[in-house]
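This report concerns only the one structure given below.
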Amino acid sequence: MSPTSRKRSEADWDAWKSTVRRLFLREGLPVKSVLEHLHANDFDVTYVLFSLIFSTALLTPLV
0 MSPTSRKRSE
10 ADWDAWKSTV
20 RRLFLREGLP
30 VKSVLEHLHA
40 NDFDVTYVLF
50 SLIFSTALLT
60 PLV
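This is the structure we're talking about:
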C-alpha cells in the first residue's frame, strides 16, 4: 500500500493543517511551495487542496 493511500489518523490531519498554517500564513510561502512540501512528506495533495477549498468555502459568508 502506498503511503498516500493509507488511512491517516486524526493526529496526522491535525499535523498537516498545522503545517499549512505555519508555512502559508505565518511564513508567507506561496501555495505551490506549501503543496510541494506536503507532497514531499507523503500527504495526498489532491485531498489537501479539496479540503482547503471546501473549508474556505464553508467559512466564507454568502452575500
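Going by numbering that gives the first Met the number 0, 59 is the number at position 60 of the sequence shown; the sequence numbering is gapless.
Note that beta-carbon positions come from the ideal geometry of N, C-alpha and C, so glycine has one too.
Nothing here was measured: the structure is a model prediction, and the numbers come from that model.
Roughly how many whole angstroms lie between the Cα atoms of P29 and N40? For P29 and N40, the gap between their C-alpha atoms comes out near 17 Å.
Which residues in the same chain as W15 place their Cβ atom closer than 7 Å to its Cβ, once the five residues preceding and following it in sequence are excluded? Same-chain partners within the cutoff: L37, F42, V47.
Close-in-space but distant-in-sequence residues of the same chain around L34 (CB under 6 Å, 5 per side omitted): Same-chain partners within the cutoff: V44.
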